[in-house]
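These notes concern the structure reproduced below.
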Amino acid sequence: MEYRELGKTGLKVSRLGFGGLPLQRVDEEETKKIVKSLLENGVNFIDTARGYTVSEGLLGEALEGVRDRFVLATKSMARTKEEMARDIGISLGNLRTDYIDLYQVHNPNMEQLETVIAPGGALEALFEAREAGKIGHIGITAHSPEVFKKALELPWVETIMFPYNVVENQGEEFIRACQEKKIGFIAMKPMAGGNIESGSLAVRFILDNPAVTVAIPGMAAVSEVEENAAAAGDHSPLTDEEKAQIQKIRQELGSQFCRRCNYCAPCTVGISIPNVFLFAGYLRRYDLAGWARSRYDSQAVKADACVECGECESRCPYQLPIREMLKKAHEELMAVKK
149 MEYRELGKTG LKVSRLGFGG LPLQRVDEEE TKKIVKSLLE NGVNFIDTAR
199 GYTVSEGLLG EALEGVRDRF VLATKSMART KEEMARDIGI SLGNLRTDYI
249 DLYQVHNPNM EQLETVIAPG GALEALFEAR EAGKIGHIGI TAHSPEVFKK
299 ALELPWVETI MFPYNVVENQ GEEFIRACQE KKIGFIAMKP MAGGNIESGS
349 LAVRFILDNP AVTVAIPGMA AVSEVEENAA AAGDHSPLTD EEKAQIQKIR
399 QELGSQFCRR CNYCAPCTVG ISIPNVFLFA GYLRRYDLAG WARSRYDSQA
449 VKADACVECG ECESRCPYQL PIREMLKKAH EELMAVKK
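To get my numbering, take the position in the sequence shown, counting from 1, and add 148.
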């Protein structure tokens, strides 16, 4: 495993990190196995979030006795001082630790970012927590290039997390700027929200960029840790065949696809929007008609129940036309049985 300095923080992190969002699908015992595998494979950077429901709590239990062997990061969507101070306290309790190495402002839009840095904003609570030794460093996560660009100008930002993968390279210019400014860059969504089948290729593509400090694929099984760690340890250049495979993935996915970030939830009528797009994706790209149809059949609420309220679209950080995409996905999934 290769290690890098995380910007100016002084923290030394493995280039492959662990994304804690998928822990919402597993239990305490599986989380403990995953943490053990992270140690065995040299992965020392763990990222989670207040918004990942049970993730912080599961990690807190699994990290008992080995907390000091990891660089631990979490984040909050709090925008005011009071809310952020509360969330920092909750994170410390959930993670069963008296300090968190990196605490991040979680996915603000431009207006929310202004609230964060204004008097009475979340940044004041972060500064106070840092002064008290509760957190070590402060970062920000973003989905918008506009926010990424702004974050590069903020003197308190020590790390920036942004989507970067085979099909999402719109932030490459800013990623290079992170390297120049010695801001740690954390690549999220390395598998494009589960849309890239070859995890090994996805990881190798990202880590081939020297401006990337650490990539954090979400992992919910020991086998995924082992596969991704092996890919991170493969420093050979991408072959012509692999480059052609990358180009094919880009052509198939384009730019309008669901990253399964789940920010669109909750749906007004209960549609599991990311699942609908997942099943449709498997149908289109992998010709798994039977699998896709059976999984779609199991959904309590189908996509045709959409009342077109548009609430999901207002929350989507990628501005996807979700209502039209749901219609198309439903038509394709229902046509399978004809």
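From the three backbone atoms N, C-alpha and C, an ideal C-beta is built for every residue, glycine too.
I think residue i touches residue j, with their Cβ atoms under 8 Å apart; what is that distance to the nearest whole Å?
i: isoleucine 185; j: valine 370; result: The identity of residue 185 in the sequence shown is serine, whereas the question assumes isoleucine. Right, the Cβ-Cβ distance comes to about 4 Å (below 8 Å), so this counts as a contact.
i: phenylalanine 511; j: methionine 473; result: The structure shown does not extend to residue 511, since the chain spans only 149 to 486, so no value can be given for it.
i: glycine 366; j: leucine 169; result: 5 Å
i: isoleucine 323; j: asparagine 376; result: The Cβ separation is near 20 Å, so there is no contact.
i: valine 191; j: valine 373; result: 7 Å
i: leucine 207; j: threonine 196; result: 6 Å
Within the same chain, show all residues whose beta-carbon is closer than 6 Å to that of residue i, passing over the 5 residues directly before and after it, in chain order.
i: phenylalanine 193; result: Val161, Ser162, Gly165, Val219, Val362
i: threonine 263; result: Arg227, Gly269
i: glycine 287; result: Leu250, Gln252, Glu306, Thr307
i: glutamate 272; result: Lys229
Is residue i helix, strand or coil by DSSP?
i: histidine 285; result: strand
i: leucine 426; result: helix
i: lysine 486; result: Low confidence applies to lysine 486: its pLDDT is 46, below 50, so where it sits in the model is not reliable enough to give any reading.
i: isoleucine 364; result: coil
i: phenylalanine 218; result: coil
i: glycine 332; result: strand
i: phenylalanine 296; result: helix
i: glycine 388; result: In the sequence as presented, glycine is not what sits at residue 388; that position holds aspartate. Aspartate 388 falls in the helix class under three-state DSSP.
i: glycine 205; result: helix
i: isoleucine 344; result: coil
i: lysine 554; result: Residue 554 falls outside the range modelled here, since the chain spans only 149 to 486, and no answer is possible.
Where residue i and residue j are concerned, what is the direct C-alpha to C-alpha distance, given to the nearest angstrom?
i: glutamine 393; j: glycine 402; result: 14 Å
i: methionine 336; j: valine 253; result: 15 Å
i: alanine 453; j: valine 295; result: 34 Å
i: alanine 325; j: phenylalanine 310; result: 13 Å
i: isoleucine 470; j: glycine 418; result: 14 Å
i: methionine 225; j: cysteine 406; result: 21 Å
i: lysine 391; j: lysine 229; result: 47 Å
i: valine 351; j: lysine 330; result: 22 Å
i: phenylalanine 333; j: threonine 307; result: 6 Å
i: methionine 482; j: glutamate 461; result: 23 Å
i: serine 348; j: lysine 181; result: 21 Å
Beta-carbon of residue i versus every beta-carbon of chain C: anything under 8 Å?
i: methionine 258; result: No chain C is part of this structure, which consists of one protein chain only.
Apart from the five residues just before and just after residue i, which ones in its own chain have a Cβ nearer than 8 Å to its Cβ?
i: glycine 283; result: It is worth fixing the name first, because residue 283 is isoleucine in this sequence and not glycine. Excluding positions up to five away in sequence, the list reads Ile236, Tyr247, Ile248, Asp249, Leu250, Tyr251, Leu274, Ala277.
i: serine 239; result: Arg198, Glu204, Thr222, Ser224, Ile248, Tyr251
i: glutamate 480; result: Ala428, Leu431, Arg432
i: methionine 258; result: Ser292, Glu294, Val295, Lys298
Skipping 5 residues on each side, what residues in its chain have a beta carbon closer than 7 Å to that of residue i?
i: histidine 291; result: Asn255, Pro311, Pro465, Tyr466
i: valine 315; result: Ala340, Ile397, Arg398, Leu401
Exercise. At a cut of 8 Å, does the region 382–401 reach the region 211–218 through at least three beta carbon pairs?
Worked result: no
Exercise. Are the region 465–475 and the region 400–416 in contact at 8 Å, needing three or more beta carbon pairs?
Worked result: yes
Problem set entry | contact_flag[the region 345–364, the region 151–158] where n(CB pairs < 8 Å) is 3 or more | yes
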